[in-house]
Amino acid sequence: MEGEARPGPYRATRLWNEITRYFRAGMPLRKHRQRFKKHGSCFTASEAVDWLHQVLRSNSNFGPEVSRQQTVQLLRKFLKNHVIEDIKGRWGSEDLEDNGVLYRFPSTSPVKPLPSSRREKENLETFSRDKERLFKLPHLSRRTVKKHELLDSLENLEKTEPDITKENKEDELHRKEISQEYVQEIWRNIILIHLQTILGLPSLEEILQPTQIVPEYVIYNMTNTSKHGVVILQNKSEDLPHWVLSAMKCLAYWPRNNDMNQPTYSGFERDVFRTVADYFLNLPEPLLTFEYYELFVNILDLLQPHLERIAVEALQICCLLLPPPNRRKMQLLMRMISRISENVDMPRLHDAMGTRSLMIQTFSRCVLCCAEEVDLDELLSTRLVSFLMDHQQEIFKVPTYLQVAVQDHIEYMRMAQGKYPREEICAILPTYSYCKQITPQEFEEQKVSTSQAAVAELLENIIKHKNLSVKDKKKKLKQFQKEYPLIYQNRFPTTESEAILFENKPTIKQPMLSLRKPKFRSLRY
13 MEGEARPGPY RATRLWNEIT RYFRAGMPLR KHRQRFKKHG SCFTASEAVD WLHQVLRSNS
73 NFGPEVSRQQ TVQLLRKFLK NHVIEDIKGR WGSEDLEDNG VLYRFPSTSP VKPLPSSRRE
133 KENLETFSRD KERLFKLPHL SRRTVKKHEL LDSLENLEKT EPDITKENKE DELHRKEISQ
193 EYVQEIWRNI ILIHLQTILG LPSLEEILQP TQIVPEYVIY NMTNTSKHGV VILQNKSEDL
253 PHWVLSAMKC LAYWPRNNDM NQPTYSGFER DVFRTVADYF LNLPEPLLTF EYYELFVNIL
313 DLLQPHLERI AVEALQICCL LLPPPNRRKM QLLMRMISRI SENVDMPRLH DAMGTRSLMI
373 QTFSRCVLCC AEEVDLDELL STRLVSFLMD HQQEIFKVPT YLQVAVQDHI EYMRMAQGKY
433 PREEICAILP TYSYCKQITP QEFEEQKVST SQAAVAELLE NIIKHKNLSV KDKKKKLKQF
493 QKEYPLIYQN RFPTTESEAI LFENKPTIKQ PMLSLRKPKF RSLRY
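13 is the number of the first residue of the sequence shown in this note's numbering; add one for each residue after it.
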């Protein structure tokens with residue numbers, strides 16, 4: 013995989029330019045007096061921290077997890093890159109503190125040039141040739157075959173018949189040579205189509221190349237999992253060391269589980285946490301890899317409340333692209349920090365920082381960072397880790413629709429080749445539709461409609477539940493009728509319809525006429 017990706021900081025550089033422009037345009041400037049001298053159009057470091065901190069917290073690319081210290085660090089980067097200078101015109105160092113020292117904007121522009129696309133043309137031509145080869149393929153087998161399991165999709169699709177002619181033998185040999193490559197190309201193109209549609213981009217050239225998609229990784233991550241969906245590695249040497257796994261388990265289930273066979277003492281949990289943190293912070297590259305930096309950074313645009321579902325779907329696919337050892341480490345790390353953050357019995361792990369903030373600040377750099385120095389790395393990774401931690405169960409679910417799309421495409425090719433054995437088949441990959449951005453009003457209307465449908469489905473589940481006794485079923489129906497009278501009345505408009513359900517006289521009384529407008533309660537807690 014070395015040499016295949018162009019991870020360059022394109023997206024981060026664009027964000028840097030946006031932030032610096034906004035900072036120069038919006039930061040309040042005024043006169044200040046220092047050492048009996050007046051200075052116009054300037055600001056103190058603390059004033060800059062106050063203003064920029066508020067801006068970053070309200071920006072969807074960074075979010076409310078941004079700390080004041082991180083804002084100070086960003087201002088230090090501004091000073092180093094000549095976005096700002098002190099009142100004597102000095103810049104180039106990171107000597108800036110949260111204090112009353114005066115700074116101003118220089119007359120020169122702080123905007124950075126965007127990285128060039130060195131291999132953009134080459135990759136585009138390669139991708140075009142790959143698509144051409146995929147969409148026009150020699151015929152496959154004419155024999156009817158059962159659907160293969162997902163792992164079998166990378167094997168030869170058919171075996172040769174013993175009594176076929178010499179010409180057919182040559183065709184069959186050719187088919188065996190291309191079948192694995194063919195299925196791999198299907199996986200690559202279906203993943204690219206889904207991601208491009210979800211992200212709403214006209215092209216993925218700047219963030220993901222076809223050569224960066226390794227079908228073997230995707231298939232392994234979808235099939236070699238535990239009952240909890242965590243990847244299981246066949247090569248144990250690639251797994252987390254046993255002492256790290258024990259430490260993570262100890263923290264995740266604190267105080268119920270401590271398999272480290274050591275007595276606890278005051279501050280024991282802090283030492284265990286430091287052990288886990290040291291391991292992850294000393295990994296040679298981030299868990300999301302340098303290769304996929306641009307891909308994950310571009311998903312930050314989707315981390316908004318009304319786009320949450322789309323962001324989860326995008327991250328589901330992107331996390332499937334990771335090498336299996338990286339995906340496993342990500343899964344276990346996110347599960348651990350999520351449990352620690354929600355554990356009310358966990359003692360404080362830091363004197364001055366809350367548990368959630370500590371988890372995010374500690375592990376953000378070992379999850380996402382760029383191979384080249386990028387000034388916004390920490391803020392971007394903090395935002396992403398916060399979302400990953402909150403939605404880790406959904407994000408690491410296996411998106412089975414990818415498997416279905418690949419299998420359907422292969423089955424189509426088989427049927428087409430059986431029908432037209434002497435012709436080359438041009439199989440166009442399907443396109444997929446995803447939710448587009450909607451207004452807050454539309455979101456609320458859809459939420460109410462969806463809630464009503466979910467409540468109606470709950471009623472049907474109660475009615476059809478075979479293991480409920482008649483007494484329990486009547487009790488649950490009576491409770492449901494009280495909470496959602498309108499939906500109940502739509503399902504049972506008359507007492508006779510209730511009688512049919514229980515095969516005797518109805519015992520649930522119809523509610524008295526209510527003049528109050530019924531309220532629909534959401535099932536979301």
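Where a beta carbon is used, it is the ideal one built from N, C-alpha and C, also for glycine. Here the structure is a predicted model, which means the values were calculated and not measured.
With contacts defined as CB atoms closer than 8 Å, D357 and P267 qualify as a contacting pair. For Y265, the three-state secondary structure derived from DSSP is coil. A contact is defined here as three or more CB-CB pairs under 8 Å, and the stretch 391-400 meets this definition with respect to the stretch 355-374.
K239 sits in coil when the DSSP states are folded into three classes, being neither helix nor strand. Per DSSP, the continuous alpha helix (DSSP H) segment holding T287 begins and ends at F280 to L293.
Boundaries of the alpha helix (DSSP H) harbouring S509: T507 to F514, taken from the DSSP string. If you draw a straight line from the Cα of P40 to the Cα of T394, it comes to about 27 Å.
Taking the C-beta atoms as reference points, L211 is found no nearer than 8 Å to P222.
The bridge partners DSSP lists for L307 come to none. L108 sits in coil when the DSSP states are folded into three classes, being neither helix nor strand. Sequence-distant Cβ neighbours of S238 in its own chain, meaning closer than 6 Å and more than five residues away, are I244. Under the three-pair Cβ rule at 8 Å, the stretch 306-322 does not count as touching the stretch 345-361. Cβ-Cβ distances below 6 Å link V288 to A259 and M260 in the same chain, with the five nearest sequence neighbours on each side left out; the list follows chain order. In this structure, the beta-carbon distance from V256 to Y229 does not fall below 8 Å. Nearest C-alpha to Q196 among L414, K487 and E469: L414. In the DSSP assignment, H44 is bridged to H51. Taking C-beta separations shorter than 6 Å and ignoring five residues to either side along the sequence, the partners of K488 in its chain run I474, following chain order. Scanning G279, S70 and D110 for the CA closest to the CA of Q81 turns up D110. Excluding its 5 nearest sequence neighbours in each direction, G112 has C-beta neighbours in its own chain below 8 Å: T56, A57 and S58, listed in chain order.
The distance from the Cβ of M346 to that of Q404 is about 4 Å, consistent with a contact at the 8 Å cut-off. Taken through DSSP and simplified to helix, strand or coil, E193 comes out as helix.
As a beta-bridge residue in DSSP terms, D98 pairs with Y115. Excluding residues up to 5 positions away in sequence, V242, L252, L257 and M260 lie with their Cβ nearer than 8 Å to the Cβ of L344 in the same chain.
Secondary-structure assignment with DSSP links T56 through a beta bridge to L114.
Taking all protein chains in view, the Cβ of N294 is surrounded by fewer than 16 other Cβ atoms within 10 Å, so the residue is classified as exposed.
Ranking I352, K248 and E218 by CA distance to the CA of R282 puts I352 first. P227 and N233 have their C-alpha atoms some 10 Å from each other.
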